[in-house]
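Participant: One structure, pasted below without further comment.
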Amino acid sequence: MELWERAAPLAVLDDLLRSTATGGRVALVAGEAGVGKSALVKEFAKKAGARTRFHWGWCDPLVTPRALGPVHDIARQTGGALAERLGDGAPLEDILAAVLDHLDHPAARPVLVIEDAHWADEATLDMLVLLGRRMSRQRALLVVTYRDDEVGSTHPLHRVLATLRGTRISLAALSDARVAQEATRHGRDAASVLALTGGNPLLLTELLSTKSDRAPETVRGLILDRISALPDQAADLARLVAVVPGRADKPLLAGRDDQVDACVAGGVLVPVDDGGVAYRHELLRTAVEDSLAPRQRAALHAEALRALADADGADPGRLVHHARGAGDTDAVLRWGQIAAAAAARQGARREAADHYRAAATYADRLPPRQQADLLERYSTAAYLAGTAKDGLEPRRAAIKIRATLGEPEPLGASWRWLSRIAWWAGDSVESRTAADHAVAVLAAEEPGRELAMAYSNLSQLRMLDYDFDGAIELGRKAKALAEEVGDDETAIHAATNVGSSEMQLDRPGGQHTLEEAHAAAAAHGFADHATRALLNVAGGLAEQAQFTKAGPALDRAIAYARQQDLDGYVQCLLGTRAGVKLQAGDWSGALADAEESLRLPAQGGVGRVPALVVLGRIHGARGDRATARAHLDEADHHAGPAREMQWVAPTKSARAEHFRWYGDPEQAAEEVRAALDRATGQHAAPHSGELALRLWQAGGGAHAPADALTPYRRMIEGDWRNAAEQWHQRGGHFLRLESLARGDRAAATEALRGLDALGATQAAAWLRADLRHRGIERVPRGPRKTTANHPAGLTARQAEVLRLITDGMSNADIALTLRLAPKTVDHHVSAVLARLGVSSRGQAAARAHKLGISPHSSDGPAA
Numbered sequence: 001m002e003l004w005e006r007a008a009p010l011a012v013l014d015d016l017l018r019s020t021a022t023g024g025r026v027a028l029v030a031g032e033a034g035v036g037k038s039a040l041v042k043e044f045a046k047k048a049g050a051r052t053r054f055h056w057g058w059c060d061p062l063v064t065p066r067a068l069g070p071v072h073d074i075a076r077q078t079g080g081a082l083a084e085r086l087g088d089g090a091p092l093e094d095i096l097a098a099v100l101d102h103l104d105h106p107a108a109r110p111v112l113v114i115e116d117a118h119w120a121d122e123a124t125l126d127m128l129v130l131l132g133r134r135m136s137r138q139r140a141l142l143v144v145t146y147r148d149d150e151v152g153s154t155h156p157l158h159r160v161l162a163t164l165r166g167t168r169i170s171l172a173a174l175s176d177a178r179v180a181q182e183a184t185r186h187g188r189d190a191a192s193v194l195a196l197t198g199g200n201p202l203l204l205t206e207l208l209s210t211k212s213d214r215a216p217e218t219v220r221g222l223i224l225d226r227i228s229a230l231p232d233q234a235a236d237l238a239r240l241v242a243v244v245p246g247r248a249d250k251p252l253l254a255g256r257d258d259q260v261d262a263c264v265a266g267g268v269l270v271p272v273d274d275g276g277v278a279y280r281h282e283l284l285r286t287a288v289e290d291s292l293a294p295r296q297r298a299a300l301h302a303e304a305l306r307a308l309a310d311a312d313g314a315d316p317g318r319l320v321h322h323a324r325g326a327g328d329t330d331a332v333l334r335w336g337q338i339a340a341a342a343a344a345r346q347g348a349r350r351e352a353a354d355h356y357r358a359a360a361t362y363a364d365r366l367p368p369r370q371q372a373d374l375l376e377r378y379s380t381a382a383y384l385a386g387t388a389k390d391g392l393e394p395r396r397a398a399i400k401i402r403a404t405l406g407e408p409e410p411l412g413a414s415w416r417w418l419s420r421i422a423w424w425a426g427d428s429v430e431s432r433t434a435a436d437h438a439v440a441v442l443a444a445e446e447p448g449r450e451l452a453m454a455y456s457n458l459s460q461l462r463m464l465d466y467d468f469d470g471a472i473e474l475g476r477k478a479k480a481l482a483e484e485v486g487d488d489e490t491a492i493h494a495a496t497n498v499g500s501s502e503m504q505l506d507r508p509g510g511q512h513t514l515e516e517a518h519a520a521a522a523a524h525g526f527a528d529h530a531t532r533a534l535l536n537v538a539g540g541l542a543e544q545a546q547f548t549k550a551g552p553a554l555d556r557a558i559a560y561a562r563q564q565d566l567d568g569y570v571q572c573l574l575g576t577r578a579g580v581k582l583q584a585g586d587w588s589g590a591l592a593d594a595e596e597s598l599r600l601p602a603q604g605g606v607g608r609v610p611a612l613v614v615l616g617r618i619h620g621a622r623g624d625r626a627t628a629r630a631h632l633d634e635a636d637h638h639a640g641p642a643r644e645m646q647w648v649a650p651t652k653s654a655r656a657e658h659f660r661w662y663g664d665p666e667q668a669a670e671e672v673r674a675a676l677d678r679a680t681g682q683h684a685a686p687h688s689g690e691l692a693l694r695l696w697q698a699g700g701g702a703h704a705p706a707d708a709l710t711p712y713r714r715m716i717e718g719d720w721r722n723a724a725e726q727w728h729q730r731g732g733h734f735l736r737l738e739s740l741a742r743g744d745r746a747a748a749t750e751a752l753r754g755l756d757a758l759g760a761t762q763a764a765a766w767l768r769a770d771l772r773h774r775g776i777e778r779v780p781r782g783p784r785k786t787t788a789n790h791p792a793g794l795t796a797r798q799a800e801v802l803r804l805i806t807d808g809m810s811n812a813d814i815a816l817t818l819r820l821a822p823k824t825v826d827h828h829v830s831a832v833l834a835r836l837g838v839s840s841r842g843q844a845a846a847r848a849h850k851l852g853i854s855p856h857s858s859d860g861p862a863a
């Protein structure tokens, strides 16, 4: 494809290459399909010449992506340690080490190119994250191409791009002038060519290269016309290659040299490295594939499967793709399990689950024991991929089969796994029932690892039920048995339960036990257990309302969980940190954490509850009743089936707060009564005080539970001054405002100012009404009239600042324009973000547009 209007991006790539003399660089080449991303990088490679050595890897649009597909492509070019480790199924860190070692000893300046990363598998995305973190220490260039119009906020690549500190090169469509110039040069009508191509370079190239007098109106017409002009056997080959994403390699082309030559000469296929061929672009290939009748497509997939299955080193992921396309159930069953195991070894958890899912569809063709094995592997893979609900049914089915086989140990192990998976899926009842079954089955057999793990699992569930003494007893029992049989992993899991329970009971040594468990787990490579220990330290501090201490502990836990790519933990931790930031008065930070938590493609279910509660509380406080209610309803939907106080109590508390603010104290009281009874019965001290406070605030006449946290008791007892001081010491700014709100006029005035500063208009309005009801005179008024008239409740100055933000100005530019001190502008911008309920300038501009606030108006919606 001819390269037009790409001098500037080529210059950027060249500059990045030169700057690698002082450290590695990352280039992110983005644009729509057909805009010329690959053509740009190929031209860059051509111009770079002998001073560089390019290594190319491709991500292909298979039904399930190849695990580390582009890394395998690169290994075929480099050979050596990288190829050996991939062939041995080495873990991701060993493969990364081989890549870095290759970059450290280059014959020429290395450039790694990962094409079409929007199709990348999970392990490749993890590799990009790890590689990106280390590029600054290399003298190499990493180039990643992707379709930015396909990468939304929930796309797996979105998270990776956020971590890659690279230079973004966005390729735009060609200018109208260039399209007109090329159309005229080829004797075509410029207006019609522009209308057909929209300035897309690929479409323009294909349209102008057609020899027909009739210009096809779609890319499908372009390529099908060319195929129809080929000899029959060459056309058959073109259709065969159309069902092979990416490229067709030698095994598929054997004995077809004449047909290959005809396809290349006819402009249908292009040669690629190592004797393969491909369509010039995926748009062209998929156009041909989509034109095939279902039977024809299935037959071509079957032909590709036969050819590739007999080849040495066949990629099992590709074989599964063709087996599924051919409808060959035996091949799906065979190759699906092989591909899943390979993907799991290389850290492609989502791809492993997808392959096992495909194979498990036909599990009933296997003997019972093999059938149970497959269903269990699929269930575990789904859990590890962050889709625990998908793992429930195959695990239940496996248990039914195990029960008929008379093998207690695998049956007990499967019951224990069902307990874990059901918990993550939000079904605490099934989780506890399965845990009891696991212990009952395994306790009747010779004690071993599975019984130790079953005890530890039951200990964990006791801990989550606030039966801390029971958790400690079972945890110590599990730890002793695990140490007796030499099972380090279970011993660490049990120690984490014991330490967490001791920490909740405020016994000395609890946090130290957790720190030791984390260190031991990290040393053994047990990433899940190491992260869980840190989560329990941070979560325990947050639950005990030690907000000042919880903040750094959460930062540490989130950083470690991100490093281990454990999104399920990250999702929950971000929501917990959002709650701490809410209490600290950092509502912009709280919103940012909560929104990021919900964007993660993680476990879902109860893991979403902390973030949903924070969003519900902040939006409710700021007067966005509908949005708040939607978040709180979803939180209740997830927390209810889980039945655990760590999810139920914050949800019910937030809902009671919401109904009180919006004038329904009876419903507010109803929300918390049952939860308070459960919390009191379970001695869930961290939650009983908060729930009792909400009932008392709603007029329910609650008394302070004896084991409630002291500042909650002080609030209910009317000692607002002492409560406010204690919350201040704990870093609970918002709870301090709630305490002051029950005080005298001076204290209540301070609370109102604090709520106004947070943009908590509804909470402040409720407090003003309450103060008048209590007979307090001269209640401070709310925001000025000019503020009230603004659709977002902004002052005139804040409206000016928002207008300039919408115009794209930086804080420094705003300071110069308004002749204000930079610090003053910083405060105004923070206030604007708070009032709008957003966490970034871009979101502020979008919110202004949604409210109908024109960049050129200052006091209301545009006319």
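Read left to right, the sequence shown gives residues 1 to 863 (UniProt numbering).
Glycine included, C-beta positions come from ideal geometry on N, C-alpha and C.
Please read these numbers as outputs of a predicted model, since none were measured by experiment.
Keeping to the same chain, check which residues put their C-beta closer than 7 Å to that of Glu5; ignore five residues upstream and five downstream.
Facilitator: Within the sequence shown, the letter at position 5 stands for residue 5. These residues qualify, in order along the chain: Leu174, Ser175, Arg178.
Participant: What residues match up with Glu115 in a beta bridge as DSSP calls it?
Facilitator: As a working note, residue 115 is residue 115 in the sequence shown. According to DSSP, Glu115 bridges with Trp58.
Participant: I'd like the span of the alpha helix (DSSP H) that includes Ile558, first residue to last.
Facilitator: Counted from its first residue, the sequence shown places residue 558 at position 558. Where Ile558 is concerned, the enclosing alpha helix (DSSP H) stretches over 547-563.
Participant: For Asp330, count neighbouring C-beta atoms within 10 Å of its own C-beta (all shown protein chains included) and say buried if the count is 16 or more, exposed if not.
Facilitator: Translated into positions along the sequence shown, residue 330 becomes position 330. Classification for Asp330: exposed.
Participant: What first and last residue would you give for the beta strand (DSSP E) that runs through Ser170?
Facilitator: Counted from its first residue, the sequence shown places residue 170 at position 170. 167-170 is the extent of the beta strand (DSSP E) around Ser170.
Participant: What residue range does the beta strand (DSSP E) around Tyr146 cover?
Facilitator: On the sequence shown, position 146 is the one that residue 146 refers to. Residues 141-146.
Participant: With distance defined between alpha-carbon atoms, name the residue in Gly198, Val498, Ala302 nearest to Gly470.
Facilitator: Against the sequence shown, residue 470 aligns to sequence position 470. For the residues Gly198, Val498, Ala302, the minimum Cα distance to Gly470 belongs to Val498.
Participant: Could you pull the start and end residues of the beta strand (DSSP E) that Tyr279 belongs to?
Facilitator: By 1-based counting over the sequence shown, the position of residue 279 is 279. Note, Tyr279: beta strand (DSSP E), 276-279.
Participant: What's the C-alpha gap between Thr786 and Asp807?
Facilitator: Here residue 786 corresponds to residue number 786 of the sequence shown, with the count starting at 1. Here residue 807 corresponds to residue number 807 of the sequence shown, with the count starting at 1. The predicted position of Thr786 is uncertain, since its pLDDT is 47 and thus under 50; a value taken from the coordinates is nonetheless stated next. Spanning the two alpha carbons is a distance of roughly 22 Å.
Participant: So, with DSSP's three-state summary, where would you put Val838?
Facilitator: Here the question's residue 838 lines up with position 838 in the sequence shown. It is coil, neither helix nor strand.
Participant: What separation, rounded to the nearest whole angstrom, lies between the Cα atoms of Arg714 and Ala538?
Facilitator: Stepping through the sequence shown from its first residue, residue 714 is reached at position 714. Stepping through the sequence shown from its first residue, residue 538 is reached at position 538. One C-alpha to the other measures close to 25 Å.
Participant: Could you name the residues of the same chain whose beta carbon sits closer than 8 Å to that of Ser824, not counting the 5 residues immediately before and after it, in chain order?
Facilitator: What you label residue 824 is simply residue 824 of the sequence shown in a count that begins at 1. Correcting the residue type first, residue 824 is Thr in the shown sequence and not Ser. Cβ within range, chain order: Ala815.
Participant: Whole angstroms are fine: how far does the CA of Ser688 sit from the CA of Pro508?
Facilitator: Residue mapping note: residue 508 aligns to position 508 of the sequence shown, counting from 1. Residue mapping note: residue 688 aligns to position 688 of the sequence shown, counting from 1. Those two C-alpha atoms are separated by around 23 Å.
Participant: Might you give, ordered along the chain, the residues of its own chain that have their beta carbon closer than 6 Å to the beta carbon of Gln682, omitting 5 neighbours on each side?
Facilitator: Numbered from its first residue, the sequence shown carries residue 682 at position 682. Cβ within range, chain order: Tyr466.
Participant: For Pro271, does the three-state DSSP call read helix, strand or coil?
Facilitator: As a first step, residue 271 is located in the sequence shown; it is residue number 271 there, counting from the start. DSSP places Pro271 in strand when its eight states are reduced to three.
Participant: Going by CA-CA distance only, name the one from Thr380, Asp126, Glu376 that's closest to Trp424.
Facilitator: Counting from 1 along the sequence shown, the entry for residue 424 is found at position 424. With distances taken between Cα atoms, Trp424 lies closest to Thr380.
Participant: Does the segment 185-193 come close enough to the segment 18-29 that 3 or more CB-CB pairs lie under 8 Å?
Facilitator: No, the segment 18-29 is not in contact with the segment 185-193.
Participant: Can we say the segment 269-276 touches the segment 293-308, given the rule of at least three CB pairs closer than 8 Å?
Facilitator: With a cut-off of 8 Å, the segment 293-308 and the segment 269-276 do not count as touching, because too few Cβ pairs lie within range.
Participant: Apart from the five residues just before and just after Asp377, which ones in its own chain have a Cβ nearer than 6 Å to its Cβ?
Facilitator: On the sequence shown, residue 377 is found 377 positions in, with the first residue counted as 1. Note on residue identity: the sequence assigns Arg, not Asp, to residue 377. The residues are Tyr356.
Participant: Beta-carbon of Ala234 versus every beta-carbon of chain B: anything under 7 Å?
Facilitator: Absent here is chain B; the protein component of the structure consists of one chain.
Participant: Thr52 by DSSP, collapsed to three states: which one?
Facilitator: Along the sequence shown, one-based indexing puts residue 52 at 52. The answer is strand: DSSP assigns Thr52 an E or B state.
Participant: How would you call Arg774, buried or exposed, if buried means at least 16 neighbouring beta carbons within 10 angstroms?
Facilitator: Looking up residue 774 in the sequence shown gives position 774. When all chains shown are included, Arg774 counts as exposed.
Participant: Are there 16 or more other CB atoms within 10 angstroms of the CB of Ala435, so buried, or fewer, so exposed?
Facilitator: Counted from its first residue, the sequence shown places residue 435 at position 435. Buried: at least 16 other Cβ atoms inside 10 Å.
Participant: Just curious, the alpha helix (DSSP H) that Ala746 is in, first and last residue?
Facilitator: In the sequence shown, the residue the question calls residue 746 occupies position 746. Start and end: 745-757.
Participant: Is there contact here, the segment 143-151 with the segment 72-82, by at least three beta-carbon pairs under 8 Å?
Facilitator: Not touching, per the Cβ criterion.
Participant: Flag this pair as yes or no: are the beta carbons of Leu632 and Gly616 separated by less than 7 Å?
Facilitator: Counting from one through the sequence shown, the residue named residue 632 turns up at place 632. Counting from one through the sequence shown, the residue named residue 616 turns up at place 616. Closer than 7 Å, so yes.
Participant: Could you pull out every residue in the same chain whose Cβ sits closer than 7 Å to the Cβ of Pro705, ignoring the five residues on either side in sequence?
Facilitator: Walking along the sequence shown from the start, residue 705 turns up at place 705. Excluding positions up to five away in sequence, the list reads Thr680, Ser688, Gly689, Ala692.
Participant: Using the rule of at least 16 other Cβ atoms within 10 Å of the residue's Cβ for burial, across every protein chain shown, is Gly246 buried or exposed?
Facilitator: Taking the sequence shown and counting its residues from 1, one reaches residue 246 at position 246. When all chains shown are included, Gly246 counts as buried.
Participant: Whose C-alpha, out of Trp766, Glu777, Thr761, Arg847, is nearest the C-alpha of Arg803?
Facilitator: Here residue 803 refers to the residue found at position 803 when the sequence shown is read from its first residue. Ranking the options by Cα distance to Arg803, first place goes to Arg847.
Participant: For the segment 322-404, which segments carrying the alpha helix (DSSP H) assignment without a break, of at least 4 residues, lie completely within its bounds, in sequence order?
Facilitator: Entirely contained in the segment 322-404, the alpha helix (DSSP H) runs reaching 4 residues are, in chain order, 329-345, 349-360, 368-384.
Participant: Label Gln138 either buried or exposed according to how many other C-beta atoms from any shown protein chain fall within 10 Å of its C-beta, with 16 as the threshold for buried.
Facilitator: The residue you call residue 138 lines up with position 138 of the sequence shown. The residue is buried, with at least 16 neighbouring Cβ atoms inside 10 Å.
Participant: According to DSSP, is Val26 helix, strand or coil?
Facilitator: Locating residue 26 in the sequence shown gives position 26, where the first residue counts as 1. In the structure shown, Val26 sits in a strand (DSSP, three-state: E or B).
Participant: Going by beta carbon distance, what residues of the same chain come within less than 8 Å of Asp15, once the five residues before and after it are set aside?
Facilitator: Stepping through the sequence shown from its first residue, residue 15 is reached at position 15. Cβ within range, chain order: n/a, list empty.
Participant: Are there 16 or more other CB atoms within 10 angstroms of the CB of Lys652, so buried, or fewer, so exposed?
Facilitator: On the sequence shown, residue 652 is found 652 positions in, with the first residue counted as 1. Lys652 is buried by the Cβ-count criterion.
Participant: What's the call for residue 893, buried or exposed, on a 16-neighbour Cβ count within 10 Å?
Facilitator: A question about residue 893 goes unanswered here, because the residues of the chain that appear run from 1 up to 863.
Participant: Any idea which residues DSSP pairs Ala845 with across the strands?
Facilitator: Position 845 of the sequence shown, counted from the first residue, corresponds to residue 845. Partner(s): none; Ala845 has no beta bridge.
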